[in-house]
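To start, the structure under review is shown below, and the notes come after it.
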Amino acid sequence: MTDVSMDRVNRFRDEAASRGLPVKEVEEWIRVARPAVYLAEGGNGPLVARVGGDPLLPHGAPRPSDPFVASVDLAALPPDVTGLPLPADGHLLLFSGTEVHGIGGQVSDAVLYVPAGTPTTLSPLAHSWREQYRPCELRTVWHQSSAQMPESFALDRWGGFPEDEQFELADELGDAWADVGGYRPSWVLQIGGHPVSPQNDPVHYARDPEEAGPSEQGSAAHGVGADDWALLATWRCGDDVTELDSGVAHWVVRRRDVAARRFDRVHRYVEMA
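According to UniProt numbering, the stretch in the sequence shown is residues 1 to 273, in order.
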């Protein structure tokens, strides 16, 4: 854990103590937090990610079925701060449309990893239903611990059907965490960490799509291999994506698939507020 993250954790402990929150649950909140990297527009640092426009695809690569969202330069990310076994270099390309498809699911060409040194060419992707997304460069980067959403924490912590008091406690923990977070620019792209979702937790859905209702998510969380599922990335679509109101796209993956470079097994979820 970085010095900045540890400072926030210590301030969170103090804030939670001032609110009389149970120490056991405070420590569990800290334990399940995950590292994440956040990328935003502006700044004069190196180019870490490019959003919108046309992608650079490997020569002869099949055209993805959805519009190009972003290309992330993995070598430009701070090392070991995403909590994922990502490659040390190369580019991670993300693709998504804007149609909200229930709970989403596996999409074989939603993510493409392009190893460093691979010959590529600028490849306009023609999609009759949508123009390309607004091009922008992401040069502002920070990393910090990412906490679970309160409902997700309650479902994982107490499973099955948490009591109202347990959901309320999770909300109080979330409020205390947010109050010591400090100012951060409005980010566009998140890599790693826990999802921030206007509706439902996509990691919970990926664990067991047959148990997608809120009351069942807790039992799904404790299934075989549950801890292997993780958020790969989240994109905040922005106001220029007018067909979605406060829309987000999530890419969720098993850690073992990241390690094996099996990005064809990624699950994608698109939702709006």
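Every residue gets a Cβ at the ideal spot worked out from N, C-alpha and C, and that includes glycine.
Of VAL72, PRO58, GLU25 and PRO62, the smallest CA-CA separation from ALA40 is found for VAL72.
Apart from the 5 residues on each side of it in sequence, HIS143 sits with its Cβ closer than 6 Å to the Cβ of VAL37, PRO78 and VAL81 in its chain, given in chain order. Residues of the same chain with a CB within less than 6 Å of the CB of ASP66, apart from the 5 flanking positions on each side, are PHE95, SER96 and GLY97 in chain order. Residue pairing by DSSP puts LEU57 in a beta bridge opposite THR121. Proximity to LEU155 across ALA16, PHE12, LEU21 and TRP29 peaks at TRP29, based on C-alpha coordinates. As a beta-bridge residue in DSSP terms, VAL51 pairs with ALA70 and CYS136. Taken in chain order, the complete beta strand (DSSP E) segments of 3 residues or longer contained in the stretch 138 to 196 are 189 to 192.
From the listed residues ASP228, LEU92 and ARG63, the smallest Cα separation to LEU125 is found for ARG63. With respect to the C-alpha of VAL188, the residue from PHE153, ASP239 and GLN148 having the closest C-alpha is ASP239.
Residue pairing by DSSP places ALA233 opposite ILE191 and TRP251 in a beta bridge.
DSSP places ARG262 in the coil class of the three-state scheme, outside both helix and strand. Under the 8 Å Cβ criterion, the stretch 168 to 186 counts as touching the stretch 9 to 26, having at least three qualifying pairs.
About 10 Å separates the beta carbons of VAL270 and TRP251, which is beyond the 8 Å limit, so they are not a contact pair.
C-alpha of PRO135 to C-alpha of LYS24: approximately 46 Å in a straight line. DSSP, reduced to helix, strand and coil, places PRO115 outside both helices and strands of the structure shown, so it counts as coil. One thing to note: PRO185 has its Cβ no nearer than 7 Å to the Cβ of THR234. GLY105 is bridged by DSSP to ARG268. The DSSP-derived three-state label of ARG19 is coil.
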